[in-house]
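**Q** Questions regarding the structure given below will be posed in turn.
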Amino acid sequence: MKNMETEFKWDANTPRAFARMLGAAERVAARVAALEKLHLRDVYLEHADLSFEARKIAFRVRNADGAFEATFKTRTEIINGKAVRREETLPLSGVTNLTQALAFLNHKKIWKGIDVAGLSPRFEIRNRRQTRAVFFDGAEFELAFDSCEILVCGRTLKMKEIELELKRGAAEKLDALSVLLSRESGLEAMRFSKVKTACALLELWGEK
Numbered sequence: 441m442k443n444m445e446t447e448f449k450w451d452a453n454t455p456r457a458f459a460r461m462l463g464a465a466e467r468v469a470a471r472v473a474a475l476e477k478l479h480l481r482d483v484y485l486e487h488a489d490l491s492f493e494a495r496k497i498a499f500r501v502r503n504a505d506g507a508f509e510a511t512f513k514t515r516t517e518i519i520n521g522k523a524v525r526r527e528e529t530l531p532l533s534g535v536t537n538l539t540q541a542l543a544f545l546n547h548k549k550i551w552k553g554i555d556v557a558g559l560s561p562r563f564e565i566r567n568r569r570q571t572r573a574v575f576f577d578g579a580e581f582e583l584a585f586d587s588c589e590i591l592v593c594g595r596t597l598k599m600k601e602i603e604l605e606l607k608r609g610a611a612e613k614l615d616a617l618s619v620l621l622s623r624e625s626g627l628e629a630m631r632f633s634k635v636k637t638a639c640a641l642l643e644l645w646g647e648k
């Protein structure tokens, strides 16, 4: 069965955006769990012929505080802040750096029907993420506060984003909670994801 990720994104590049969203969540949710912190380094990979781009696939190797995994997502448009896409993740057992991750994928060759050999880095996103589990109307969500650096062609762009991902429960619960959080926080929906922003910068700054 395909794994589907459903999430809502807000633009957090405004003063006190994180505090405003946290306050909103505490007012409308049944419970907001304690803070957890992660340091993420995501390197996005591609073939020389840009075949992932042609298939609207985003493929990354993630280092989450020393734990490595590979993930691909189908790239979709964010419509009014909401994104629904397929997501598949492969733990990279024994891997401790990007070179080893690339060797692991070269050895595997094919995973979930896609060619994972011969990949090279395209751009990197570094993220200081703070998360809280949020419980609302019988459903469970992850609310993530992301402070990112997008590294493209030797340049760096900083951006902030807030994500609400449905972890357990009916899809309509995400719609209901996102409406309440938007109203209570006053934040605008994110128009472009971190990855889409990176791809646009790549085209602007270096990749022709």
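Just so you know, the sequence shown maps onto residues 441 to 648 in my numbering. Beta carbons are placed, not taken as given, at the ideal position from N, Cα and C, and that holds for glycine.
(1) Looking at C-alpha atoms only, which residue of 580, 601 and 532 is the closest neighbour of residue 565?
(2) Measure the alpha-carbon distance for residue 609 versus residue 579 and round it to whole angstroms.
(3) Under 8 Å, with one C-beta from each stretch per pair, do the region 498-506 and the region 590-607 reach the 3-pair mark?
(4) Specify the secondary structure class of residue 454 as computed by DSSP and reduced to three states.
(5) DSSP on residue 445, reduced to helix/strand/coil?
(6) In angstroms with no decimal places, state the Cα-to-Cα distance between residue 583 and residue 590.
(7) Any heavy atom of the ligand FMN closer than 7 Å to the CB of residue 603?
(8) Taking 6 Å as the limit between beta carbons, can you name the residues of its chain near residue 473, skipping five residues before and five after?
(9) Going by C-alpha to C-alpha distance, which of 588, 632, 485 and 541 sits closest to residue 568?
(10) Please work out which residues of its chain come closer than 8 Å, Cβ to Cβ, to residue 467, disregarding the five sequence neighbours upstream and downstream, and give them in chain order.
(11) For residue 533, count neighbouring Cβ atoms within 10 angstroms of its own Cβ and tell me buried if that reaches 16, exposed if not.
(12) Helix, strand or coil, according to DSSP, for residue 648 in the structure here?
**A** In brief:
(1) For the purposes of this step, residue 565 is taken as residue 125 along the sequence shown, with counting starting at 1. Considering only alpha carbons, the answer is 601.
(2) By 1-based counting over the sequence shown, the position of residue 609 is 169. By 1-based counting over the sequence shown, the position of residue 579 is 139. Using only the alpha carbons, I get a separation of about 4 Å.
(3) With the rule of 3 Cβ pairs closer than 8 Å, the region 498-506 does not count as touching the region 590-607.
(4) If you number the sequence shown from 1, residue 454 lands on position 14. If DSSP states are grouped into helix, strand and coil, residue 454 belongs with coil.
(5) Your numbering for residue 445 matches position 5 in the sequence shown. Note: residue 445 maps to strand in three-state DSSP.
(6) Taking the sequence shown and counting its residues from 1, the one referred to as residue 583 is at position 143. Taking the sequence shown and counting its residues from 1, the one referred to as residue 590 is at position 150. In this structure, the alpha-carbon of residue 583 lies about 21 Å from that of residue 590.
(7) What this structure holds is no ligand at all, so the ligand FMN is not there to describe.
(8) Locating residue 473 in the sequence shown gives position 33, counting from the first residue. So the list reads 572 and 573, once near-sequence residues are dropped.
(9) To locate residue 568, count along the sequence shown from 1; it is residue 128. By alpha-carbon distance to residue 568, the top candidate from 588, 632, 485 and 541 is 588.
(10) Within the sequence shown, numbered from 1, the residue matching residue 467 stands at position 27. So the list reads 624, once near-sequence residues are dropped.
(11) Sequence index remark: in the sequence shown, residue 533 carries index 93 (1-based). With fewer than 16 Cβ atoms within 10 Å of its Cβ, residue 533 is classed as exposed.
(12) For the purposes of this step, residue 648 is taken as the residue at position 208 of the sequence shown. Confidence at residue 648 is low in this model, with a pLDDT of 48, below 50, so the placement of that residue should be treated as unreliable; the coordinate-derived value is given next. It is coil, neither helix nor strand.
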